[in-house]
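Please read the structure below before turning to the comments.
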Amino acid sequence: MRSILTLSVLMLLIPMLPIPPTVSAQDGLYAPSRPEDAALVRVANLSGREESRVIDAGPVRFDPLDPLSVGAYRVVPVGVYILGDPESTVFTPEPGAFVTIITGHDQSDPGRVHLFLDQPHEDPARAQLVLYNLTDRTLSLVDAPSGAEVFRQVPPEQSRALAVNAIPVELEVRDEETIHETVTLRLTRGDSFSLVATIQDDEVVVVAAEAAVQTD
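Take the sequence shown: its letters are residues 649 to 864, numbered as in this note's numbering.
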């Protein structure tokens with residue numbers, strides 16, 4: 649996975665996202681078929697205090713999200729869209745792409761957005777882990793019991809993804825000196841979990857959420 653744009657932790661949020669009838673936790677993540685004339689796009693709100701603002705991507709409106717939460721992927725037609733306030737970001741999703749729009753991560757510029765081109769999860773026999781680093785430091789993701797590195801030295805404003813065995817895991821989000829947070833997940837086949845690291849009030853905060861696709 650690649651980005652497509654140019655301390656101790658006090659909080660770990662693992663939201664159990666409500667899934668309405670039009671949402672499938674796996675549909676489109678590892679399934680062989682993806683939209684041929686649209687992208688799958690979601691929004692993550694990394695503000696610790698405020699809802700995200702409304703984001704319009706062409707005909708698709710992303711309603712405000714609660715603080716420190718991740719929404720479901722939604723189908724967005726291919727086109728040229730303007731995101732961000734006050735500075736505008738040109739967003740041109742490609743057919744079949746998975747995209748995450750990050751907002752609320754820059755406390756000095758609340759309207760800033762950052763886009764990630766996500767790696768689809770296409771192996772139904774395995775789970776997927778994704779680390780998004782929206783901090784000002786280089787982070788690694790480490791298996792706590794063994795010390796093995798899942799992701800090594802992910803730079804700021806970058807992300808990494810990997811298919812892994814579908815087993816319970818205990819993971820550390822850390823830099824060279826400090827374990828910032830330990831995350832426990834029960835991975836099952838087809839799951840895709842995102843760990844989004846950001847800074848809030850000089851503290852590293854990790855938001856963990858299972859990916860879902862909303863097919864409205």
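Cβ coordinates follow ideal geometry from the N, Cα and C atoms, glycine included.
Buried or exposed for residue i, please, with buried defined as at least 16 other CB atoms from any protein chain shown within 10 angstroms of its CB.
i    : result
T846 : buried
V738 : exposed
S736 : exposed
P741 : buried
T751 : buried
E858 : buried
A796 : exposed
Using C-beta distances below 8 Å, list every residue in its chain close to residue i, excluding the 5 sequence neighbours before and after it, in chain order.
i    : result
V812 : R774, A775, Q776, L777, V798 and L835
E684 : P743 and G744
T786 : Q801, V802, P803, P804, D823 and E824
P715 : N693, S695, G696, R697, E698, E699 and G752
Pick from the options: whose alpha carbon is nearest that of residue i?
i    : options                   : result
L819 : F746, P804, E770 and P793 : P793
A705 : V844, D791 and V747       : V747
D823 : V702, R800, I749 and V831 : R800
I703 : E770, V844 and I730       : I730
I749 : G795, G759 and A692       : A692
G759 : V861, A860, G838 and S700 : S700
R682 : V854, P725 and V718       : P725
S848 : T863, T826, Q755 and D791 : A small correction: the amino acid at residue 848 is Gln; Ser does not occupy that position in the sequence shown. Cα-wise, what sits closest to Q848 is Q755.
L833 : D757, T826, A686 and D791 : D791
Near residue i, which residues of its chain fall below 7 Å by C-beta distance, leaving aside the five closest residues on each side in sequence?
i    : result
I815 : L835
D784 : P804 and I847
A686 : V723, V724, P725, V726 and P743
So, under 8 Å CB-CB, residue i and residue j are touching, yes? Tell me the CB distance rounded to an integer number of Å.
i    : j    : result
V817 : H828 : Contact doesn't hold; Cβ gap of about 17 Å is too wide.
Q767 : A809 : 4 Å
H753 : L694 : 4 Å
A856 : S840 : A856 to S840, Cβ: 12 Å. No contact.
R722 : V689 : 6 Å
G626 : P772 : This structure leaves residue 626 out entirely; the chain is present only between 649 and 864.
S807 : F764 : 5 Å
V854 : V844 : 7 Å
Going along the chain, which residues of its own chain have a beta-carbon closer than 6 Å to the beta-carbon of residue i, five neighbours each way excluded?
i    : result
G643 : This structure leaves residue 643 out entirely; the chain is present only between 649 and 864.
Given 8 Å, three or more beta-carbon pairs between the region 707 to 716 and the region 770 to 781: Flag = no, the region 707 to 716 and the region 770 to 781 do not touch.
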